[in-house]
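Step one of this worksheet: look at the structure below.
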Amino acid sequence: MRSLRLEQSQLAMTTLDESDLPVMMALEQTASRHPWSQGQYLTCMGAEYRFLGAWYGDALVGFIVDWRMLDEGHLMNLCVHGQFQQQGIGRYLLRYWLASTQREGMATLTLEVRESNQAAYRLYAGEGFEDQGSRPGYYRTAEGTEAARVMSLGLSPVRAGNG
Numbered sequence: 001m002r003s004l005r006l007e008q009s010q011l012a013m014t015t016l017d018e019s020d021l022p023v024m025m026a027l028e029q030t031a032s033r034h035p036w037s038q039g040q041y042l043t044c045m046g047a048e049y050r051f052l053g054a055w056y057g058d059a060l061v062g063f064i065v066d067w068r069m070l071d072e073g074h075l076m077n078l079c080v081h082g083q084f085q086q087q088g089i090g091r092y093l094l095r096y097w098l099a100s101t102q103r104e105g106m107a108t109l110t111l112e113v114r115e116s117n118q119a120a121y122r123l124y125a126g127e128g129f130e131d132q133g134s135r136p137g138y139y140r141t142a143e144g145t146e147a148a149r150v151m152s153l154g155l156s157p158v159r160a161g162n163g
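In terms of UniProt numbering, the sequence shown opens at residue 1 and continues consecutively.
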């Protein structure tokens with residue numbers, strides 16, 4: 001698959017909903033060896049979850065799924081279309097999410113990342129997430145299971161006039 005170049009300034013961020021599910025699932029097929037099932041997405045369609053999409057024209061090129069409860073946010077999924085990977089879109093999505101959760105008053109953010117996904121681990125660590133340890137057997141694989149690295153980030157509240 002040939003990589004396509006685009007500028008981050010050309011991206012438009014929107015909230016996604018159940019009507020976007022087919023395009024989200026198709027996008028994830030291009031990006032992940034372990035894509036979510038339709039059931040996993042539908043489970044996350046509740047009020048505490050949010051889907052944010054990055055659009056290039058009318059094409060969805062990446063998205064984030066998060067879960068929010070009180071002052072905690074959890075990154076459930078960050079996905080960038082296979083043709084647009086390694087162009088900073090994942091970092092753009094992550095930074096957008098970080099800014100929005102901080103504006104919403106989140107104090108702590110958490111995530112899990114596959115131990116084998118070193119590119120994602122470096123992305124999260126580069127944005128300040130700290131490794132909190134391993135969660136053995138967290139992910140299913142064709143060979144059995146794989147451990148997750150648990151990461152967290154503490155946020156400072158945004159004060160009026162500073163955000």
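Beta carbons: idealized from backbone N, C-alpha and C, even for Gly. None of these values were measured; they are calculated from a predicted model.
Host alpha helix (DSSP H) of residue i (start-end)
i: M151; result: No alpha helix (DSSP H) holds M151; the beta strand (DSSP E) holding it covers 144-154.
i: Q29; result: 21-31
i: A120; result: 118-126
Nearest-angstrom beta carbon gap, residue j and residue i [assumed within contact, 8 Å]
i: L16; j: F63; result: 6 Å
i: L52; j: A107; result: With 8 Å as the limit, L52 and A107 do not qualify as a contact, their Cβ atoms being about 20 Å apart.
i: C79; j: E28; result: 5 Å
i: D66; j: G73; result: 6 Å
i: L153; j: F129; result: 5 Å
i: G137; j: T145; result: 4 Å
For residue i, three-class secondary structure by DSSP
i: residue 174; result: Summary: the structure shown does not reach residue 174, with the chain confined to residues 1 through 163, and so no result is reported for it.
i: H74; result: strand
i: S100; result: helix
i: F84; result: helix
i: L11; result: strand
i: E18; result: helix
i: G133; result: strand
i: G57; result: coil
i: G39; result: helix
i: G46; result: coil
i: P157; result: coil
i: G105; result: coil
i: M1; result: Note that M1 has pLDDT 45, beneath the 50 cutoff, so the model's placement of it is unreliable and the number below is only indicative. Here M1 sits in coil by DSSP.
Among the options, the one whose alpha carbon lies nearest that of residue i
i: G126; options: E115, M151, M45; result: M151
i: S116; options: G39, G137, A148, R91; result: A148
i: A59; options: S19, G133, V23; result: V23
i: P157; options: L98, Q86, A31; result: L98
i: Y41; options: E130, D20, S32; result: D20
i: C87; options: R33, E112, V61, G39; result: Reading off the sequence, residue 87 comes out as Gln, not Cys. Measuring from the Cα of Q87, the nearest candidate turns out to be V61.
i: R95; options: E112, A54, V113; result: A54
i: T110; options: A119, R103, D131; result: D131
i: G105; options: R122, R68, R91, N77; result: R68
i: H34; options: R114, L123, Y121; result: R114
i: A119; options: M76, W36, Q102, R91; result: R91
i: Q102; options: L70, Y121, M76, M45; result: L70
heavy atom of the ligand SAM below 8 Å from residue i C-beta
i: V61; result: Of ligands this structure carries none, so the ligand SAM is not represented either.
N-terminal and C-terminal residue of the beta strand (DSSP E) that residue i is part of
i: E112; result: 108-114
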